[in-house]
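Remarks on the structure that follows.
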Amino acid sequence: MQQMNNLRRIDLNLLVILDALLSEQHVTRAAERLHLSQPAVSHALARLRNLLGDPLLVRAGAGLVQTPRALELVVPLAAALAQVQALLAPNAFDPATTQRTFRLAMSDYGAAIVLPGLIRTLRREAPGIDLQISHGSRESMLEGVLNGDIDVAAGVFPEMPHELRSTHLFEEHYACLVDRNSLPADGGLDLPTYLARPHVLLEMRGSGTPEIERALTALRERRRVAVSLPHWSVAPELISGTDLILTVASRGLRDIDQSSLVVVPPPFHIPSFTFVLAWHKRRGGDQALNWLNRRIGEGIER
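Laid out in structure tokens, this is it:
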């Protein structure tokens with residue numbers, strides 16, 4: 186009886202607001218995410234603090250931080266909300282009529298590979314499905330899936346937490362982008378030239394391209410990184426007219442204008458890698474997410 190009385194005190198909407206507050210750690214941003222007024226979210230936070238007997242979010246400098254009790258709630262709260270959503274969802278998922286937003290995490294390389302085909306599919310088959318795209322390091326993307334902030338992450342994840350499921354999308358290898366006029370007369374790129382030239386590195390903090398550095402370390406060699414960038418878009422422009430070399434995943438170079446730039450194989454062995462989708466096991470019964478994952482795989486050019 187006491188348990189039933191406790192359940193009657195809980196408004197499911199409070200749990201949704203709590204999830205947003207713990208994710209955003211900011212009352213105004215949580216209100217914007219939920220399409221509620223700031224006073225309404227502040228009032229809900231006061232009710233949650235009273236209900237749970239904990240401040241949940243406390244002031245630290247100019248922002249709010251989670252209390253230890255709040256940190257304990259993040260994962261089970263996300264799991265509970267996902268289960269409720271699955272319980273209340275219609276038995277038959279209809280992409281043509283579904284109204285829903287999915288949160289995807291991927292690098293700009295992943296976005297270039299995944300999004301064009303996926304967006305065309307959604308506009309044709311599921312116009313009510315919207316996407317929110319974010320990016321981060323490999324670790325932060327997986328952390329987002331674990332805590333429920335992200336529905337699915339696309340990327341290279343050598344170490345997959347046991348709580349997550351994954352599906353293989355494709356195998357990828359590395360290639361080098363160089364200025365056509367900077368190549369030797371035979372048009373190739375040998376190891377001494379590679380090591381003597383400066384390099385552009387695409388690196389997001391905490392991620393980078395450890396596969397390339399590990400391959401060079403195996404040869405007892407190092408390269409000089411002249412420019413380190415957190416995003417792809419400007420990188421090819423830095424190569425044109427210079428002696429710089431960019432070593433990246435080959436699919437990102439498919440649409441390069443080869444009038445001034447040329448794609449060549451690396452002059453040493455760099456192991457290929459697997460590009461995957463990752464989502465939480467607790468979402469296994471989510472028909473809409475399962476449909477989305479299948480469409481992502483089908484829309485990638487092989």
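Numbering (this note's numbering), first residue to last: 186 to 487. We put the beta carbon where it would ideally sit given N, CA and C, even for glycine.
Measure how close the beta-carbons of residue i and residue j come, nearest whole angstrom, since I'm counting them as under 8 Å.
| i | j | result |
| --- | --- | --- |
| A216 | S222 | 6 Å |
| P450 | A360 | 6 Å |
| R254 | L242 | In fact, because the Cβ distance is near 10 Å, the residues do not count as touching under 8 Å. |
| A338 | A229 | With 8 Å as the limit, A338 and A229 do not qualify as a contact, their Cβ atoms being about 29 Å apart. |
| S425 | S445 | 5 Å |
| V212 | L219 | At roughly 11 Å, the Cβ-Cβ gap does not stay under 8 Å, so V212 and L219 are not in contact. |
| L404 | V412 | With a Cβ gap of about 23 Å, L404 and V412 do not count as contacting. |
| E406 | L380 | 6 Å |
| V269 | L197 | 7 Å |
Have a look at the options and flag the residue whose alpha-carbon is nearest the alpha-carbon of residue i.
| i | options | result |
| --- | --- | --- |
| V410 | V243, V419, N235, L431 | L431 |
| I314 | R232, F287, V226 | F287 |
| H384 | S425, R408, L374 | R408 |
| V330 | P343, S351, P224, S444 | S351 |
| D336 | N475, T459, P346 | N475 |
| A281 | I485, L327, A473, E483 | A473 |
| M326 | R480, V447, V461, E483 | V461 |
| V433 | P456, L362, R405 | L362 |
| R480 | H416, G302, S444, L414 | G302 |
| L316 | R305, I441, Y294 | R305 |
| S418 | D442, G321, D293, D279 | D293 |
| G248 | V260, Q210, L256, V269 | Q210 |
| H416 | D442, R439, G295 | G295 |
| A265 | V201, R309, P224, S322 | V201 |
| V341 | R323, E348, L349 | R323 |
| Q443 | H320, R365, T459 | R365 |
| E483 | V269, L307, P240 | L307 |
| E344 | L197, T459, D196, P224 | T459 |
| G321 | R244, G373, E388, F278 | E388 |
Measure from the C-beta of residue i to each C-beta in chain B and report whether the shortest distance is under 7 Å.
| i | result |
| --- | --- |
| K466 | The structure shown has no chain B; it contains just one protein chain. |
Short of 8 Å in beta carbon distance, which residues of its chain neighbour residue i, apart from the five on each side in sequence? Order them along the chain.
| i | result |
| --- | --- |
| A267 | G333, H465, R467, R468, D471 |
| H454 | A400 |
| D375 | P369, P452 |
| L199 | A229, R232, L233, L236 |
| P346 | L327, L331 |
| V260 | L331, N332, G333 |
By the three-class DSSP mapping on this structure, what secondary structure does residue i have?
| i | result |
| --- | --- |
| E406 | coil |
| S208 | helix |
| H465 | strand |
| Q223 | helix |
| R480 | helix |
| D315 | strand |
| R285 | strand |
| A247 | coil |
| L266 | helix |
| L446 | strand |
| G302 | helix |
| L192 | Its pLDDT being 45, under 50, L192 is placed unreliably by the model, and the measurement read from it follows with that caveat. Note: L192 maps to helix in three-state DSSP. |
| T459 | strand |
| V341 | coil |
| A241 | Note that residue 241 is Leu in the sequence shown here, rather than Ala. In the structure shown, L241 sits in coil (DSSP, three-state: anything other than H, G, I, E or B). |
Excluding the 5 residues flanking residue i on each side, which residues of the same chain have their C-beta closer than 7 Å to its C-beta?
| i | result |
| --- | --- |
| L203 | L233, L262 |
| R436 | I298, E357 |
| A205 | A215, R218, L219 |
| A311 | P280, A281, T283 |
| I441 | L362, P421, V448 |
| I485 | I298, V299, G302, L354, F355 |
| P240 | R234, T252 |
| L438 | A360, L362, V448 |
Suppose the cutoff is 6 Å on Cβ atoms and the five residues either side in sequence are ignored; what does the same chain contact list for residue i look like?
| i | result |
| --- | --- |
| D428 | S367, R382 |
| N478 | L462 |
| A290 | S319, M326, G329, I335, A338 |
| L258 | none |
Q) Of all the alpha helix (DSSP H) runs that stay within the bounds of the region 349–432, which reach a length of 4 or more residues? A) 376–381, 395–403, 420–424
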